[in-house]
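Protein chains: 2
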Amino acid sequence: MNINYPYLLFIGDATDSLSIKMARSAADWSPEKCLAEYRLPGCTVSTGCPEMNIQEAAAAGAKSFVLGFANSGGILDPQWIPTILEALDAGMDIVSGLHDKLTDFPELTERAKALNLQLIDIRHPNTRFKTGTAKKRQGKRLLTVGTDCSVGKMYTSLSLTKEIKSRNLLATFRATGQSGILVSGNGVAIDCVISDFISGAAESISPDNEAEHWDIIEGQGSLSHPAFAGVSLGLLHGSQPDALVVCHALGRTHMRGLPHQGFPTVIETIELNLTHAKLTNPNAKVVGVAVNTSSVDDAAALQACKEISEQTGLPCCDPIRHGVASIIDNLP
Amino acid sequence: MNINYPYLLFIGDATDSLSIKMARSAADWSPEKCLAEYRLPGCTVSTGCPEMNIQEAAAAGAKSFVLGFANSGGILDPQWIPTILEALDAGMDIVSGLHDKLTDFPELTERAKALNLQLIDIRHPNTRFKTGTAKKRQGKRLLTVGTDCSVGKMYTSLSLTKEIKSRNLLATFRATGQSGILVSGNGVAIDCVISDFISGAAESISPDNEAEHWDIIEGQGSLSHPAFAGVSLGLLHGSQPDALVVCHALGRTHMRGLPHQGFPTVIETIELNLTHAKLTNPNAKVVGVAVNTSSVDDAAALQACKEISEQTGLPCCDPIRHGVASIIDNLP
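Chains as they are written, first to last, in my numbering: chain V, 3 to 334; chain W, 3 to 334.
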């Protein structure tokens with residue numbers, strides 16, 4: 003997968019800022035890759051990028067037209083086909099993180115082929131993976147894990163990568179979900195891999211590297227989430243992390259999407275992940291806790307992080323509010 | 003998936019009895035579905051079924067031509083295409099458990115369509131699954147789990163189903179791998195499901211049922227196998243088992259296929275599976291241990307089972323040598 007940039011971020015007529023998470027992630031973390039956003043009448047949200055239409059963006063050098071929104075079910079609404087064809091005609095590759103595949107629409111595949119442009123379905127790996135081998139690889143690895151889904155694992159991973167690089171150490175962010183892939187330009191949407199190959203795909207995401215290099219691997223799901231724990235476990239085993247960072251969000255009372263499902267503590271999450279991590283890396287250790295404190299004020303955020311730090315004996319911070327220096331200070 | 007029978011089991015020129023596991027499983031456990039086997043010159047193994055060629059089997063009423071062999075990589079060797087076409091022309095559906103899909107061969111899809119026959123790739127689910135919900139379902143469920151892959155989970159599950167039914171209780175074997183699917187005529191190859199949907203697919207395998215009915219669910223892999231633990235965990239969560247049976251094989255020194263990977267104890271396997279099972283069924287309990295003792299003599303087999311029973315406080319038996327009555331006696 004090779005995503006050309008700069009991007010034109012298409013957010014359609016979105017009115018919910020959560021629905022444009024993919025576009026916002028790219029704008030926040032790879033602003034140098036984002037030329038502009040393309041909004042339609044009725045759209046009430048923004049990535050913060052300047053506005054351009056397809057012709058303006060093409061003239062300014064846009065290389066990829068990114069479907070930067072999501073909807074429940076990941077459907078590609080046929081109403082957008084003419085817009086996508088216009089972007090192809092303007093010379094851009096098309097990038098989608100939807101569940102529906104661009105390549106399932108014959109009018110798109112024909113036009114892209116005729117124009118020698120790419121249709122990139124970033125949720126659908128086109129690599130044929132192998133099953134996991136659990137063989138030790140060179141280099142160091144850090145994996146973010148969570149008490150739940152959507153607790154900030156990608157933002158934490160990107161913050162950690164930025165902090166390490168600011169210290170002139172070698173590090174690479176390794177994306178495992180569609181937003182992360184758009185930010186970094188490559189990666190594997192691990193939850194879209196055939197389940198026999200989860201660990202093998204995870205192994206391929208952080209290959210052998212220089213001994214002092216850190217791969218910062220974006221985690222997915224949670225070992226305590228009944229729908230997605232299998233993905234989390236395969237990713238954990240294949241990543242062979244030397245270091246784990248537990249991500250957590252304040253104010254949750256149940257697992258995401260499952261009102262009847264209770265929430266694990268940070269301590270339980272540490273123990274569960276360490277137990278399993280040691281299967282493929284006996285030296286694995288948890289080096290910090292990252293908390294999404296957006297539901298409380300500054301004072302309460304500091305207090306919550308202090309309490310978790312005391313309970314766990316680990317550095318604890320909100321990456322957005324406090325930065326992640328204390329966690330990087332604690333790397334092995 | 004609806005596999006018509008009786009089957010003609012095609013084992014080609016196989017010389018390794020392990021390579022015809024799928025055909026042998028059907029012959030052993032669903033002899034009423036197996037009309038005959040079709041062997042070619044050079045074949046040195048057998049399912050024990052009478053021999054017939056395609057024309058003889060068609061005349062005797064065969065409804066499905068089963069590719070009953072496997073090879074490393076699950077490749078469909080093009081040399082078999084003429085044979086498969088002959089079976090289609092004789093009026094049979096084609097059933098394959100290979101990784102390569104029958105439906106990827108245009109000459110097969112065209113012929114099957116013209117003759118209104120099915121090409122059934124049992125490793126490739128064609129259902130669109132949902133993500134798991136962890137909602138409680140009615141009925142009782144038993145899942146076999148393992149210290150490793152290939153320790154007898156399918157044979158144990160089938161033995162348990164047979165024993166329950168012999169007591170005039172309601173039970174259904176639920177297949178999760180290609181051999182089991184061929185035995186039962188339906189099921190889901192869980193390791194071929196997109197990883198986002200492992201638990202959801204597992205939930206669909208044992209739907210709501212009568213309160214006293216037992217689903218006996220065939221386990222896959224092992225929570226301690228670095229390549230396949232994600233599949234095992236998703237299957238465990240989605241199955242919501244009331245009862246677990248731990249399967250084990252004597253004489254293993256490392257995890258299957260991974261010479262560098264140590265082996266868990268039965269006790270560790272019990273604890274690990276119970277910890278995770280309680281996420282979706284707080285009342286889950288382990289009710290017995292099934293051991294493949296084929297590597298030792300009768301006396302050593304009995305002694306090994308006695309020792310494991312004393313260590314675990316659970317009934318322990320080799321399903322083939324001793325039957326599984328003691329485990330069924332211990333059901334909740």
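Ideal placement from N, C-alpha and C gives every residue a C-beta, glycine not left out.
- Within the segment 120-137 of chain W, those residues whose Cβ lies closer than 8 Å to any Cβ of chain V are, in chain order, T133, G134, T135, A136 and K137.
- For S197(V), the closest Cβ of chain W is nearer than 7 Å.
- Separation of I77(W) and L100(W) (C-alpha to C-alpha, rounded to the nearest whole angstrom) is 6 Å.
- Around the C-beta of A204(W), 16 or more other C-beta atoms lie within 10 Å, and the residue is accordingly described as buried.
- One Cα belongs to P8(W), the other to M156(V), and the distance between them is close to 52 Å.
- In the DSSP assignment, the residues bridged to M257(W) are L260(W).
- In the pairwise beta carbon analysis, the segment 29-49 of chain W is classified as touching the segment 61-68 of chain W: at least three pairs are separated by under 8 Å.
- Taking the Cα of S27(V) as reference, the smallest distance to any Cα among G179(V), D102(V), A173(V) and K103(V) is reached at G179(V).
- Contiguous beta strand (DSSP E) elements confined to the segment 135-170 of chain V occur at 142-148, taking only those with 3 or more residues.
- With a 10 Å radius around the Cβ and a threshold of 16 neighbouring Cβ atoms, K280(V) comes out exposed.
- For C45(W), the three-state secondary structure derived from DSSP is coil.
- DSSP places L78(V) outside both helix and strand once states are collapsed to three, so it counts as coil.
- Taking 7 Å as the threshold, the shortest C-beta distance from S201(V) to chain W falls below it.
- S226(V) is not a Cβ neighbour of G253(V), given a cutoff of 7 Å.
- In this structure, A327(W) sits near E165(W), with a CB-CB distance shorter than 7 Å.
- At a beta-carbon threshold of 7 Å, the residues of chain V lying near D193(W) are S197 and D198, ordered along the chain.
- Inclusion of T46(V) and T85(V) in the CB contact set at 7 Å is not warranted, their separation being larger than that value.
- In the DSSP assignment, V293(V) falls within the beta strand (DSSP E) that extends over K287 to N294.
- A straight-line Cα-Cα distance of about 15 Å links I13(V) and E88(V).
- Taking 8 Å as the cut-off between beta carbons, none of the residues of the segment 74-98 of chain W comes near chain V.
- With a threshold of 7 Å between beta carbons, Q263(V) makes contact with chain W.
- Of all residues in the segment 231-253 of chain V, only A231, G232, V233, L235, G236 and H239 come within less than 7 Å of chain W when Cβ atoms are compared, listed by chain position.
- Counted as a single uninterrupted DSSP element, the beta strand (DSSP E) harbouring V68(W) occupies residues S66 to L69.
- Contact with chain V is found for A229(W), since one of that chain's Cβ atoms lies less than 7 Å from the residue's Cβ.
- DSSP places H250(W) in the uninterrupted beta strand (DSSP E) bounded by A245 to A251.
- Counting only Cβ-Cβ distances below 8 Å, T111(V) has no contacts in chain W at all, with the closest Cβ about 18 Å away.
- Chain W places a beta carbon closer than 7 Å to that of T282(V), counting this residue as a contact.
- Between V247(V) and I272(V) the beta-carbon gap is near 10 Å, outside 8 Å, which marks them as no contact.
- DSSP, read as helix, strand or coil, puts R26(V) in helix.
- Taking the C-beta atoms as reference points, V153(V) is found nearer than 7 Å to H250(V).
- With distances taken between CA atoms, I124(W) lies nearest to C194(W) out of I322(W), F265(W), T277(W) and C194(W).
- H239(W) counts as buried, since no fewer than 16 other beta carbons sit within 10 angstroms of its beta carbon.
- Residue pairing by DSSP places S32(W) opposite no residue, since no beta bridge is assigned to it.
- Here A231(W) is buried, its C-beta having at least 16 other C-beta atoms within 10 Å.
- Contact with chain W is absent for L162(V), since none of that chain's Cβ atoms lies less than 7 Å from the residue's Cβ.
- DSSP, read as helix, strand or coil, puts I122(V) in strand.
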